[in-house]
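There are 2 protein chains.
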Amino acid sequence: MIIEAAIRNEAVRLAPPSCTIPPLAGAPAHLAFGEVHKAGSLDQIMQLTGAVVSYPRNAEVFGEDEAAEYIYKVVSGGVRTYKILDDGRRQVGAFHLPGDIFGLEDSVRHALSAEAMTGAKVLVVKRSAINALVSRDASIAQELFVLTSRQLRRMQQRVLLLAKSAQERVASFLVEMAERSPASNIIELPMSRQDIADYLGLTIETVSRTLTCLQCAAVIELPAARRIVLRDRLALSQMNG
Amino acid sequence: MIIEAAIRNEAVRLAPPSCTIPPLAGAPAHLAFGEVHKAGSLDQIMQLTGAVVSYPRNAEVFGEDEAAEYIYKVVSGGVRTYKILDDGRRQVGAFHLPGDIFGLEDSVRHALSAEAMTGAKVLVVKRSAINALVSRDASIAQELFVLTSRQLRRMQQRVLLLAKSAQERVASFLVEMAERSPASNIIELPMSRQDIADYLGLTIETVSRTLTCLQCAAVIELPAARRIVLRDRLALSQMNG
DNA sequence: CGATGCGTTGATAACTTTCAAATTTAGTGG
DNA sequence: CCACTAAATTTGAAAGTTATCAACGCATCG
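Residue numbers (the numbering used here), protein chains in the order written: chain H, 50 to 290; chain G, 50 to 290.
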């Protein structure tokens with residue numbers, strides 16, 4: 050799988066230059082309050098230097114303990130990072146949606162594996178290319194700093210989330226997804242219940258039951274398993290502890 | 050409290066220059082594998098630009114929602130960051146020990162409050178001073194990037210931790226503290242049981258019970274409430290899931 | 001010496017997981 | 001296009017874990 054991915058990357062990187070210019074990214078990730086979205090030079094660099102790779106559903110983008118040679122940006126679809134624990138449980142680290150940059154957290158070797166949740170297009174950029182620029186262009190380094198500190202904040206939210214009850218976790222998850230969704234009140238989930246459970250540190254049954262409860266309480270609607278309509282967003286927010 | 054802290058900072062900043070050169074920092078934070086500890090220029094800058102402020106036990110270093118004007122480095126003692134949730138519970142974000150830099154994660158406004166756990170000396174540096182340098186010196190920005198990505202990794206570990214059982218959380222906490230301790234097998238805790246509980250997302254009773262269990266199992270010893278001796282580190286590590 | 005804060009211990013209640021089964025959805029081949 | 005199979009999701013009942021409430025022990029400090 051590791052080799053397969055590497056070959057795929059290589060193949061694309063050897064393609065003619067026209068292919069290395071990716072299509073416009075999808076909806077940008079939601080910005081935290083107070084943050085200015087600078088049309089960063091990092092973005093341009095990534096698009097010029099990188100290659101867009103298509104991953105089919107469940108394909109591995111990178112594996113745990115692999116050398117962290119690349120930085121990634123989701124163009125379309127969704128990517129999950131995860132780690133298999135000693136006892137066989139899987140912990141999902143993050144869900145990356147279009148516009149998100151990931152792989153920054155690993156300086157040498159990846160601590161988590163990454164897989165496409167749905168069919169996904171990912172912009173893959175050599176870290177060495179970025180590093181070379183970083184030492185010359187301070188604004189790039191600054192952008193990387195801003196990006197990681199934003200992820201750090203998101204991770205802090207995550208930590209707050211995991212200390213809460215099942216209902217609060219699910220509610221927080223829904224709010225988070227709604228904020229990142231293009232249509233703010235209708236959430237199209239790219240991930241399975243198992244993914245959500247492993248993300249929230251719950252079992253699939255608890256997630257399912259909690260969603261059903263929220264539906265009974267008229268807070269959400271579940272027209273389909275992977276489509277959730279927020280009916281009472283205020284109530285959801287208030288469940289966040 | 051907010052004003053009090055601000056005044057304290059200001060007072061020190063106005064002191065003669067000789068006072069603004071801090072004593073050597075304590076033990077550096079534990080480095081992750083594969084990371085080189087560059088005797089960074091950031092460190093020098095901080096020491097030249099910043100002021101050392103002494104906080105008595107439980108004094109506030111900064112408050113939630115305050116403007117994030119400074120970056121901090123623990124010189125001695127310990128600092129906890131925390132957030133009071135809507136329902137009154139407290140969630141501890143992190144424990145910062147000598148050598149740790151904190152406050153990086155908040156670009157505009159602090160998401161968490163920070164308090165000295167014990168009497169603590171903290172190097173306080175104006176963010177604007179750093180920012181000014183960042184735009185000229187790429188290596189500073191790069192250091193900031195490395196620092197935040199390291200914290201991001203630590204936070205990821207934290208997320209993994211919080212998905213586990215009480216016993217695993219406590220075991221992981223002990224291992225983490227041992228790694229950050231100068232004497233690797235004897236841990237002198239600067240924080241209370243309540244701090245630990247709020248850090249691990251458990252109750253104080255569960256933490257206490259789990260520690261007692263570990264002692265019965267001969268994995269640790271508890272000569273005093275805040276002193277823990279690791280007897281079987283391997284067993285502890287294996288409990289980490 | 002009593003007061004106070006911190007930590008430990010015990011019993012019960014609440015919540016979440018586990019195990020099992022039913023139900024729905026999605027993918028595949030005829 | 002429909003039927004069939006496999007996978008995903010939901011639901012139910014019992015077991016396990018952690019929180020809550022309450023009381024006790026221990027040290028520090030006036």
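Cβ coordinates follow ideal geometry from the N, Cα and C atoms, glycine included.
Alpha carbon to alpha carbon, what distance is there between residue j and residue i?
i: H:Ser230; j: H:Pro239; result: 11 Å
i: G:Leu293; j: G:Phe144; result: Given a span of 50 to 290 for chain G in the structure shown, any question on residue 293 of chain G remains unanswerable.
i: H:Asp136; j: G:Leu263; result: 20 Å
i: G:Val123; j: G:Ala181; result: 22 Å
i: G:Asp247; j: G:Met204; result: 15 Å
i: H:Ala178; j: H:Ala116; result: 15 Å
i: H:Ile189; j: G:Ser198; result: 15 Å
i: G:Gln96; j: G:Ala165; result: 20 Å
i: H:Gly148; j: G:Ile94; result: 34 Å
i: G:Asp186; j: H:Gln287; result: 44 Å
i: H:Glu254; j: G:Gly250; result: 22 Å
i: H:Ala266; j: H:Leu283; result: 13 Å
i: H:Gly89; j: H:Val195; result: 11 Å
i: H:Ile289; j: H:Ala212; result: The sequence as given places Asn at residue 289 of chain H; Ile does not occur at that position. Spanning the two alpha carbons is a distance of roughly 11 Å.
i: H:His79; j: G:Ala274; result: With a pLDDT of only 40 at H:His79, under 50, the local geometry of the prediction cannot be trusted, and no value is derived from it.
i: H:Asp244; j: H:Thr259; result: 15 Å
i: H:Gly152; j: H:Tyr121; result: 6 Å
Do we get a CB-CB distance below 8 Å when we pair residue i with the residues of chain H?
i: G:Val223; result: Inspection of the sequence shows that residue 223 of chain G is occupied by Leu rather than by Val. Cβ-Cβ to chain H under 8 Å: no for G:Leu223.
i: G:Ser156; result: yes
i: G:Lys132; result: yes
i: G:Leu209; result: yes
i: G:Ser177; result: no
i: G:Met95; result: no
i: G:Leu285; result: no
i: G:Ser198; result: yes
i: G:Arg129; result: no
i: G:Val171; result: no
i: G:Ser214; result: no
i: G:Arg218; result: no
i: G:Phe194; result: yes
i: G:Gln243; result: no
i: G:Ala160; result: yes
i: G:Ala190; result: yes
i: G:Ala187; result: yes
Between which two residues does the alpha helix (DSSP H) carrying residue i extend?
i: G:Thr261; result: Ile253 to Cys265
i: G:Arg280; result: Run containing G:Arg280: none; DSSP gives neither H nor E here.
i: H:Ala187; result: Ala187 to Leu211
i: H:Ser90; result: Ser90 to Thr98
So, does the CB of residue i fall closer than 8 Å to a CB anywhere in chain G?
i: H:Val124; result: no
i: H:Gly250; result: yes
i: H:Val268; result: no
i: H:Ala78; result: Interpretation of H:Ala78 is limited by its pLDDT of 39, a score under 50 that renders its predicted location unreliable; no figure is taken from the coordinates.
i: H:Gly4; result: This structure cannot settle anything about residue 4 of chain H, because the visible part of chain H is limited to 50 through 290.
i: H:Gln205; result: yes
i: H:Arg106; result: no
i: H:Ser184; result: yes
i: H:Arg202; result: yes
i: H:His86; result: Residue confidence is low: H:His86 scores 44 on pLDDT, short of 50, so the model does not pin down where it sits. No coordinate-derived value is stated.
i: H:Arg282; result: no
i: H:Glu168; result: This sequence places Gly at residue 168 of chain H; Glu is not what is there. It does not: the Cβ of H:Gly168 has no partner Cβ on chain G nearer than 8 Å.
i: H:Gly142; result: yes
i: H:Ala163; result: no
Beta strand (DSSP E) containing residue i: first to last residue?
i: G:Thr130; result: Val128 to Ile133
i: G:Glu109; result: Glu109 to Phe111
i: G:Leu249; result: No beta strand (DSSP E) holds G:Leu249; the alpha helix (DSSP H) holding it covers Arg242 to Leu249.
i: G:Arg139; result: Arg139 to His145
i: G:Glu270; result: Ile269 to Ala273
i: G:Ser125; result: Tyr119 to Ser125
With H, G and I counted as helix, E and B as strand and the rest as coil, what does DSSP make of residue i?
i: G:Arg158; result: strand
i: H:Leu172; result: strand
i: G:Ser233; result: coil
i: H:Ser177; result: helix
i: H:Ile56; result: Reliability of the predicted coordinates at H:Ile56 is poor, the pLDDT of 33 falling under 50, and the value obtained from them is presented with this limitation in mind. Looking at H:Ile56 - three-state DSSP - the assignment turns out to be helix.
i: H:Glu164; result: strand
i: H:Ala78; result: Confidence is the limiting factor: at H:Ala78 the pLDDT is only 39, short of 50, which leaves the residue's position unreliable, though a coordinate-based value still follows. Here H:Ala78 sits in coil by DSSP.
Just confirm the distance between the C-beta atoms of residue i and residue j, as a whole number of angstroms; I'd bet it's less than 8 Å.
i: G:Val183; j: H:Gly142; result: The Cβ separation is near 28 Å, so there is no contact.
i: H:Lys132; j: H:Glu113; result: 6 Å
i: H:Arg106; j: H:Thr167; result: 6 Å
i: H:Val256; j: H:Ile269; result: In fact, because the Cβ distance is near 13 Å, the residues do not count as touching under 8 Å.
i: H:Gln200; j: H:Glu154; result: 7 Å
i: H:Ser125; j: H:Ala169; result: 6 Å
i: G:Val173; j: G:Ala108; result: In fact, because the Cβ distance is near 13 Å, the residues do not count as touching under 8 Å.
For residue i, verify whether its CB is less than 7 Å away from any heavy atom of the ligand NAD.
i: G:Val208; result: The ligand NAD is not among the ligands present in this structure, which contains no ligands whatsoever.
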